[in-house]
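Mapping the sequence shown onto this note's numbering, position 30 (from 1) lands on 690, and the numbers just tick up by one. Each remark here refers to the structure printed beneath this line.
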Amino acid sequence: MTPRIVPETSLTSEQDAAIRAALCECFPVDREIFAATRSWHGTYPTWSVLVALEDRVIALGGFVEREILVGAERVRAAGVQNVLVVPEHRKSNLFRQVMSAAMEESFRRELDLGLLFCTRDLARVYGWLRWRLLEGRQVIRVDESGRFQPLPEKNVTMFYPLRRPDIPPGDIHLLGNDW
Ligand SMILES: CC(C)(COP(=O)(O)OP(=O)(O)OC[C@H]1O[C@@H](n2cnc3c(N)ncnc32)[C@H](O)[C@@H]1OP(=O)(O)O)[C@@H](O)C(=O)NCCC(=O)NCCS
Numbered sequence: 661m662t663p664r665i666v667p668e669t670s671l672t673s674e675q676d677a678a679i680r681a682a683l684c685e686c687f688p689v690d691r692e693i694f695a696a697t698r699s700w701h702g703t704y705p706t707w708s709v710l711v712a713l714e715d716r717v718i719a720l721g722g723f724v725e726r727e728i729l730v731g732a733e734r735v736r737a738a739g740v741q742n743v744l745v746v747p748e749h750r751k752s753n754l755f756r757q758v759m760s761a762a763m764e765e766s767f768r769r770e771l772d773l774g775l776l777f778c779t780r781d782l783a784r785v786y787g788w789l790r791w792r793l794l795e796g797r798q799v800i801r802v803d804e805s806g807r808f809q810p811l812p813e814k815n816v817t818m819f820y821p822l823r824r825p826d827i828p829p830g831d832i833h834l835l836g837n838d839w
């Protein structure tokens, strides 16, 4: 059960359906959205990390490559979109394997840093994988009507150093909608 990197451009319709089934199972609140599409706020991943067992996706990460603005600097981010492990395969190291494969791939693609938004509870779990919590930064997205909006307060922001050893100072502008 080795994680595979699958670019969005080479995803098959069977893989698309298998990913959406896993998303519906692991994010029941958003089931209606994921039954129809994998895009979140209009954004598809640039590539995904898949762990499949027969025809089923049992672990997944979606990664959005985006140039964003941090303070006055443009940086190339690997935005973490949907990470999941289906219930019966949890606590079996798949989460770590997916995230490690993704950060290796992001480094290979010469991205500057990883960026994710999650609940404060989950920050502890990403922290085990060396993701760092970013406190006191405003994160701005561009909503569907083109307005600048802050991300919801329930989310925390975390980053992972890749080609850049640290994140520049300043607020973060996603230069598009969130993922
Ligand atoms: C988050 C997830 C991918 C972790 O996979 P996993 O195989 O359980 O990962 P690990 O075994 O390495 O770590 C599990 C730890 O994360 C904790 N955890 C899992 N989901 C959590 C959540 N939603 N909030 C807080 N903690 C959570 C577990 O309690 C466990 O901590 P413990 O060892 O102290 O009990 C999996 O639980 C999942 O798919 N959850 C539903 C989808 C989701 O919330 N994805 C994350 C979006 S950012």
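Note that the Cβ used here is the ideal one computed from N, Cα and C, for glycine as well. Computed from a predicted structure; not experimentally measured.
Keeping to the same chain, check which residues put their C-beta closer than 8 Å to that of residue i; ignore five residues upstream and five downstream.
i	result
arginine 769	Glu725, Ala738
isoleucine 693	Trp700
glycine 702	Glu804, Asn837
Among the residues of its own chain, which have a CB less than 6 Å from the CB of residue i, if the five just before and after it don't count?
i	result
leucine 834	Ile728, Arg801
valine 689	none
What residues match up with residue i in a beta bridge as DSSP calls it?
i	result
leucine 710	Arg664, Leu720
valine 785	The partner list for valine 785 (beta bridge, DSSP) is empty, contrary to what the question assumes.
glutamate 727	Arg736
Which first and last residues belong to the alpha helix (DSSP H) in which residue i is found?
i	result
phenylalanine 687	Looking at the DSSP string, phenylalanine 687 is not in any alpha helix (DSSP H), and its letter there is neither H nor E.
arginine 756	754-768
Leaving out five residues on either side along the sequence, give the residues of the same chain with a beta carbon under 7 Å from the beta carbon of residue i.
i	result
arginine 844	With the chain running from 661 to 839 in the structure shown, residue 844 is simply not present.
cysteine 684	Arg691, Phe694, Ala695
asparagine 753	none
Residue i: buried (16+ other C-beta within 10 angstroms of its C-beta) or exposed?
i	result
glutamine 798	exposed
aspartate 772	buried
serine 766	buried
serine 708	buried
tryptophan 791	buried
phenylalanine 687	exposed
From what residue to what residue does the beta strand (DSSP E) around residue i run?
i	result
arginine 736	733-745
proline 821	815-821
Review point. Any chance the stretch 755-775 sits against the stretch 804-814, with 3 or more Cβ pairs inside 8 Å?
Key: no
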